[in-house]
Each structure stands twice: as structure tokens, then as C-alpha cells.
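Chemist:
In the numbering used here, the protein residues as written are 144 to 451.
1. Between the alpha carbons of residue 277 and residue 209, how many angstroms are there, rounded?
2. DSSP has residue 253 in a bridge; who is on the other side?
3. Counting pairs of beta carbons, one from the segment 333-342 and one from the segment 281-290, are three or more of them closer than 8 Å?
4. First and last residue of the alpha helix (DSSP H) that includes residue 375?
5. Which same chain residues end up closer than 6 Å to residue 316 when comparing Cβ atoms and leaving out the 5 residues on each side of it in sequence?
6. Just to check my reading of the structure: residue 214 and residue 262 have Cβ atoms closer than 8 Å, yes? What is that Cβ distance to the nearest angstrom?
7. Could you pull the start and end residues of the beta strand (DSSP E) that residue 205 belongs to?
8. Just to confirm, are residue 349 and residue 289 a CB contact at a threshold of 8 Å?
9. Please return the same chain residues whose Cβ sits closer than 7 Å to the Cβ of residue 112, not counting the five positions on each side in sequence.
10. Buried or exposed: which applies to residue 454, given that a residue is buried once 16 or more other Cβ atoms fall within 10 Å of its Cβ?
11. DSSP state of residue 189, grouped into three classes?
12. Considering only DSSP beta bridges, list what residue 288 is partnered with.
13. How big is the Cα-Cα spacing for residue 426 and residue 439?
14. So, using beta-carbon positions, are residue 320 and residue 202 closer together than 8 Å?
15. Tell me where the alpha helix (DSSP H) around residue 407 begins and ends.
16. In this structure, does DSSP put residue 450 in helix, strand or coil?
17. Are residue 314 and residue 346 closer than 8 Å when you measure CB to CB?
18. Does the segment 387-407 come close enough to the segment 354-365 that 3 or more CB-CB pairs lie under 8 Å?
19. Would you report the Cα separation of residue 221 and residue 239, rounded to the nearest angstrom?
20. May I ask you to report which of helix, strand or coil DSSP gives residue 424?
21. Between residue 386 and residue 414, how many whole angstroms is the CB-CB distance? I'm expecting something under 8 Å.
22. Which two residues bound the contiguous beta strand (DSSP E) that contains residue 311?
23. Less than 8 Å between the C-beta atoms of residue 185 and residue 237, yes or no?
24. Of the choices 192, 233, 248, whose alpha-carbon is the least far from that of residue 217?
25. Assuming residue 266 and residue 291 make a contact with CB atoms under 8 Å, what is their CB distance in whole Å?
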């Protein structure tokens, strides 16, 4: 599955025609609202509007927003030599009228925690020191927190999030659809055990403040996740939540077991509340939201009905 790319326009969604937007002043009063002009062209539910904050930025992936409303944007590929953009609204109209860039690498992950901006390429994770205004102090020389993560041109994006105990969590996506002996080939069966899970197909935990970490310094926090682009640390539950991108091509690979329609809607793309040591089941099983069951993958002896 190819990377989903955020539309190059950045928009602020607003409830009842207004949105919290605090970029105009360093220390704004709480609950200050700014009236927004709905210029997005989007069809939205009643009571919502959307404002184009910035346009033509490049292929935006993840965002991080400071307490003052500035927006850091990670680009999939550098544009004009810059892989990270900082959007600042000078006059409080909701539009980014000051856009600066730094970082020469593309990637996905972007997060702010404890005075640092964290950003990822497809192989490494970096962090940048922030000043009191949450602006990057040195955009040229970031600290390299994690290096040498697997990137084989499929599910290579390294999404990141951080907990409250000094740890950073990094997705390492699997470079396979379903760990077949011959990837995406009709009728090819799955390898068991799946060797990909040794270094991919899961979430790895590292220290957020230690430089030059590699796989050996980290912990495989959770496994059996084909690819996770969306993940976050739930502050209320103090737990990791992830959204998995499931396998593809059930009908293409096993046409006698799955219809075209079934292949279009299965498997369910599940949201998981993850704890250390959890296994979400890829590539051996998937969740069928219609049968309300965990089903064995056809590459591992399943027939679309056999429970895992």
C-alpha cells in the first residue's frame, strides 16, 4: 500500500465558524477565538468550516503544533532543499504568512515533547532543541537519536510519538503484504515463522534523550502490526494507541476464497490500544468486522471463515 499523502493545503477545522488559533500573540488569553472565512471548498457538516492556512507546501506528512499556534510540517520529500517547514501567523488571521524551512531529509514523523522537536527520516530519528518560543535553536545540527532503521521502499515511513517517561515509540513497517514466500503472488503461502517480524512489522521503543541508538538499544514494544502511520500516546489512559494499515489483495491472491467486494473492505483497519509485549497478529490473522471475528489469513491455512 502506498503512503497516503496529506493534501498540500493545510487547513484548520472550526466549530461554529471559529477556531482556537493563538499564533497572533506569544501569550494569548485562554479561549480566544478568531472568526474564519470558509475558503477551503470542502463539504463539511453543519456548524463546521475550514480555512486554508498554507498552500503549495509539498507532500506534507505529519504536523506538530506549538502552544502559541506555530505549525511544524514534515515533508515526505524535501522541497527547495528543506524537509521541515515552520508556519507562523503574524497577524492572527489564521493564515501562515511567515514560512521558513530547515532539515535536508524527507520523512514522516513529527512531535514536540519536553523542549524538543522530534522528526524522522525513513531510517533515522532526530531531535532539535527549542527555545522559549518553541522555535528551533539550530536547524542545521540536530541530535541523532535513532539510526539505521529498516527501510526497503515499502512502508518505510517512521511515525513517532512519546510517552511521559522519557521514551519514544517508532513504527517500523513491514516490507511485505502478508509475508508470503513470493510476495503478492497468487497462491503463494506464508512463511512461518515470519522472518520480517525480527526487524519490522511493529513498534520499537527507544530512549528519547539518548543519541546514536540502534535496534540493539531499543525494545520491540509490540509486534504483528503490518504498518502504522497514525500513532499517539493517550495522556488520559497513559497508553499507546496505533492505527494499523492491513494487508491488501485478498481477491487477487486468493480469488477462490474472496470476492472483489470482500477484498475491497477486508480486513478491518483496526485501532489498537497497545501495551508492551502485545501482538496484533499480522501476518497470521486479521479481524473481520462483518463476522466480528479474528480470521486466519489464507496464506496460513485460512478460508475466509476459519477463526484464528
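The beta carbon of each residue, even a glycine, is placed where N, CA and C say it ideally should be.
Predicted model, so just to flag it, every value in this text is computed and none were measured.
Modeler: This is what the structure holds:
1. Against the chain shown, residue 277 aligns to sequence position 134. Against the chain shown, residue 209 aligns to sequence position 66. Near 7 Å, if we compare the C-alpha coordinates of residue 209 and residue 277.
2. Within the chain shown, residue 253 is the residue found at index 110, counting from 1. Partner(s): 262.
3. Output reads no: the segment 281-290 does not touch the segment 333-342.
4. Within the chain shown, residue 375 is the residue found at index 232, counting from 1. Counting along the chain, residue 375 falls outside any alpha helix (DSSP H), though it belongs to the beta strand (DSSP E) covering 371-377.
5. Numbered from its first residue, the chain shown carries residue 316 at position 173. Closer than 6 Å at Cβ, skipping near neighbours: 298, 370.
6. As a first step, residue 214 must be located in the chain shown, where it is residue number 71. As a first step, residue 262 must be located in the chain shown, where it is residue number 119. Residue 214 to residue 262, Cβ: 14 Å. No contact.
7. Against the chain shown, residue 205 aligns to sequence position 62. Following the DSSP letters along the chain, one finds residue 205 inside the beta strand (DSSP E) bounded by residues 203-208.
8. What you label residue 349 is simply residue 206 of the chain shown in a count that begins at 1. What you label residue 289 is simply residue 146 of the chain shown in a count that begins at 1. Closer than 8 Å, so yes.
9. The chain is shown from 144 up to 451; residue 112 falls before or after that span and cannot be answered.
10. Beyond the ends of the chain as shown, which are 144 and 451, falls residue 454; an answer cannot be given.
11. Taking the chain shown and counting its residues from 1, one reaches residue 189 at position 46. In the structure shown, residue 189 sits in coil (DSSP, three-state: anything other than H, G, I, E or B).
12. Translated into positions along the chain shown, residue 288 becomes position 145. Answer is none; residue 288 lacks a bridge partner.
13. Taking the first residue of the chain shown as position 1, residue 426 is located at position 283. Taking the first residue of the chain shown as position 1, residue 439 is located at position 296. Using only the alpha carbons, I get a separation of about 9 Å.
14. Here residue 320 corresponds to residue number 177 of the chain shown, with the count starting at 1. Here residue 202 corresponds to residue number 59 of the chain shown, with the count starting at 1. Between residue 320 and residue 202, the C-beta gap is not smaller than 8 Å, which leaves the two residues out of contact.
15. Counting from 1 along the chain shown, the entry for residue 407 is found at position 264. Run containing residue 407: 403-408, per the alpha helix (DSSP H) assignment.
16. Counting from one through the chain shown, the residue named residue 450 turns up at place 307. Note: residue 450 maps to strand in three-state DSSP.
17. The residue given as residue 314 occupies position 171 in the chain shown. The residue given as residue 346 occupies position 203 in the chain shown. Yes, these two residues count as a Cβ contact at 8 Å.
18. The segment 354-365 is not in contact with the segment 387-407.
19. For this step, residue 221 is matched to residue 78 along the chain shown. For this step, residue 239 is matched to residue 96 along the chain shown. Looking at the two C-alpha atoms, the distance is approximately 19 Å.
20. One-based indexing of the chain shown puts residue 424 at position 281. Coil, per DSSP.
21. Against the chain shown, residue 386 aligns to sequence position 243. Against the chain shown, residue 414 aligns to sequence position 271. Right, the Cβ-Cβ distance comes to about 5 Å (below 8 Å), so this counts as a contact.
22. As a position in the chain shown, residue 311 is number 168, starting the count at 1. It spans 310-315 - the beta strand (DSSP E) in which residue 311 sits, taken as one unbroken run.
23. Here residue 185 corresponds to residue number 42 of the chain shown, with the count starting at 1. Here residue 237 corresponds to residue number 94 of the chain shown, with the count starting at 1. No, they are not a contact pair.
24. As a first step, residue 217 must be located in the chain shown, where it is residue number 74. Looking at the Cα atoms, 248 is the closest of the given residues.
25. Here residue 266 is taken as the residue at index 123 of the chain shown, counted from 1. Here residue 291 is taken as the residue at index 148 of the chain shown, counted from 1. About 6 Å separates the CB atoms of residue 266 and residue 291; that is less than 8 Å, so the two are in contact.
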